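Chemist: This structure is in structure tokens; I'll ask about it shortly.
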Ligand code: GLN
């Protein structure tokens, strides 16, 4: 059972081959067995999960089941979930039990999905390796000496090790795509505004976007169908007609062939900066697309190289503002001893936040301060516009852009912790997509030294269904996405 993906599990539930309670128990058992080693989950609450599963079975018996009814899912601990500890990977929220559900959670609950637990993540989603979590690093199931990527590393490790059939992630600068690449998963960051941010703890609000992490494009489509919605409680949510993201996948008649698809290959993705081994796998994947009938065009994104510097001004600026709410007064961590109110704020924040979060708050307040605002923040916003324009120009001559997701495969735990800039460069290929607000995916494209690599697909605004179709076609003719980490899986 655990080797099955969401769409197959959904059929098994529909055919009454297994109940949601049985399926949920199966995954809870695997979590109990493997989580002590992998540290993918911060919170599991079997009783709560099984009660949800029972309700899902009832819903099915009453004839009200949808495709996700009874499917157990892992939720990144950035989503407020009523009654669940919701920590965002931080000591600051280490005691925070959410009194309400994020829209994403609300929608999964309404669809009858079961929450298996809350997954580990970089503190406030700041990081690329999961090592900034207050709850300790997550191990990569492909090689437990390595990081799973971040910030959605717990979700990625959980799905890769089959502790959950699929999970949610969030992506501010690459946090769905990079861990998906490092753990051999399919991950999708939707167009900014497609998934509601309500109840999703804010890091950098103009960049944050939630999306699915699963094994196949088909499963990502199923999850996105539930996640995507207009939500008046999120002022940047887009009021668009509800789409069926699976529409171009399953039925042979609508599973669009790729003949004539124009793949843009930006020269900036294929120069220096990427490991030779990863590049060879990415090129082989593009070769496979050519065999499937696609053609390639060389394009350029001239301002790409400015994306990391611009991001590390804009994201910390927004973070410094968003994180000012954590003051130890209403909820969250409060220092045990202090002299007066100001001392209480200072001590609570000093003890409640980790080093990377503090670094971002310092950078953010600096670039927003009088005298530096024009030189840094405004400049970064201008660069952001230029990057969006580069993509708009590129999409005049191609339908999809491809390249590596991450410049390397999973690195060793501890390898980059001493050098934040090295860590920031993990996202050189993903960050520009967030700055432009475009949808992007990562799909498995092979292995080097036993570690997986990801191919990145970037589409124009609202092209999620097309991207999923392009990914699905590749997954029908390759089996990289079906490989699993034997050491953990077979036990
Ligand atoms: N690694 C990037 C950062 O640290 C992106 C994180 C994310 O997408 N949440 O900011």
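In this note's numbering, the protein residues as written are 689 to 1179. Each residue gets a CB set at the ideal place from its N, CA and C atoms; glycine is no exception. Since this is a predicted model, take the numbers as computed values, not measurements.
Would you mind sorting residue 1048 into buried or exposed? The rule is 16 or more other CB atoms within 10 Å of its CB.
Modeler: With 16 or more Cβ atoms within 10 Å of its Cβ, residue 1048 is classed as buried.
Chemist: Is it true that the CB of residue 773 sits closer than 8 Å to the CB of residue 801?
Modeler: No. Outside cutoff.
Chemist: With the cut-off set at 8 Å, would you say residue 873 and residue 848 are in Cβ contact?
Modeler: Their beta carbons are under 8 Å apart, which means residue 873 touches residue 848 by this criterion.
Chemist: Within this structure, are the beta carbons of residue 923 and residue 791 separated by less than 8 Å?
Modeler: Their beta carbons are not under 8 Å apart, which means residue 923 does not touch residue 791 by this criterion.
Chemist: Applying the 10 Å Cβ sphere with the 16-neighbour rule, what's the burial state of residue 816?
Modeler: Residue 816 should be labelled buried.
Chemist: From residue 1055 to residue 897, what does the alpha carbon distance come to, in whole angstroms?
Modeler: One C-alpha to the other measures close to 23 Å.
Chemist: Are there three or more Cβ pairs, one per stretch, closer than 8 Å when the region 1085-1092 is compared with the region 952-961?
Modeler: Enough Cβ pairs lie closer than 8 Å, so yes.
Chemist: Please state whether DSSP places residue 742 in a helix, a strand or coil.
Modeler: Reduced to three states, the DSSP call for residue 742 is helix.
Chemist: Go ahead and pull the three-state DSSP assignment for residue 983.
Modeler: Strand at residue 983.
Chemist: Nearest by alpha-carbon distance to residue 900: which of 1100, 1146, 878 is it?
Modeler: When only C-alpha atoms are compared, the closest one is 878.
Chemist: Quick check on the DSSP output: the alpha helix (DSSP H) that includes residue 713 runs from which residue to which?
Modeler: Segment 708-726, the alpha helix (DSSP H) holding residue 713.
Chemist: Within the present structure, is the beta-carbon of residue 1042 separated from the nearest heavy atom of ligand 1 by less than 7 Å?
Modeler: Residue 1042 Cβ: outside cutoff for every heavy atom of ligand 1.
Chemist: Tell me the rounded alpha-carbon separation between residue 1077 and residue 807.
Modeler: Cα-Cα distance, rounded: 36 Å.
Chemist: Taking the beta carbon of residue 1147 as the centre, do at least 16 other beta carbons fall within 10 Å, making it buried, or is it exposed?
Modeler: Result: buried.
Chemist: Bridge partners of residue 1049, per DSSP?
Modeler: Per DSSP, none; premise fails for residue 1049.
Chemist: Just list the beta strand (DSSP E) runs in the region 1095-1150, keeping only unbroken ones of 3 residues or longer that don't cross its boundaries, in chain order.
Modeler: Fully enclosed beta strand (DSSP E) runs of 3 or longer: 1128-1136, 1139-1147.
Chemist: Ligand 1 heavy atoms versus the CB of residue 814: any closer than 7 Å?
Modeler: Correct: residue 814 has its Cβ closer than 7 Å to ligand 1.
Chemist: Run through DSSP, which three-state label would residue 850 get?
Modeler: Here residue 850 sits in coil by DSSP.
Chemist: Got a sec, what are the start and stop residues for the alpha helix (DSSP H) residue 761 sits in?
Modeler: Where residue 761 is concerned, there is no enclosing alpha helix (DSSP H), although the beta strand (DSSP E) it sits in stretches over 760-764.
Chemist: Under DSSP, the alpha helix (DSSP H) around residue 1040 begins and ends at which residues?
Modeler: From DSSP, the alpha helix (DSSP H) with residue 1040 extends over 1029-1040.
Chemist: Measuring only from the beta carbon, is residue 861 closer than 7 Å to any heavy atom that is part of ligand 1?
Modeler: Yes, Cβ of residue 861 sits closer than 7 Å to a heavy atom of ligand 1.
Chemist: Taking the Cβ atom as the reference point for each residue, do residue 729 and residue 779 lie within a distance shorter than 8 Å?
Modeler: It is not a contact, given that the beta carbons lie outside the stated cut-off.
Chemist: Could you check the C-alpha separation between residue 919 and residue 1128 for me, to the nearest Å?
Modeler: If I take the Cα positions, the gap works out to 22 Å.
Chemist: Between the Cα of residue 1061 and those of 1005, 947, 1014, spot the shortest distance and give me the residue it belongs to.
Modeler: Here the closest residue by C-alpha is 1005.
Chemist: Tell me the start and end of each unbroken beta strand (DSSP E) in the region 857-934 that is at least 3 residues and wholly inside, in chain order.
Modeler: If we require 3 residues or more, the beta strand (DSSP E) runs fully inside the region 857-934 come out as 874-877, 898-902.
Chemist: Taking the straight line between their C-alpha atoms, what separation do you get for residue 751 and residue 883?
Modeler: Between residue 751 and residue 883, the C-alpha separation is close to 28 Å.
Chemist: Are the CB atoms of residue 812 and residue 889 within a distance shorter than 8 Å?
Modeler: In this structure, residue 812 lies closer than 8 Å to residue 889 by Cβ.
Chemist: Closest by CA to residue 1083, which one among 1145, 1036, 1053?
Modeler: The residue with the shortest Cα to Cα distance from residue 1083 is 1145.
Chemist: Closer than 7 Å: is that where the CB of residue 1003 sits relative to any heavy atom of ligand 1?
Modeler: True, at least one ligand heavy atom lies under 7 Å from that Cβ.
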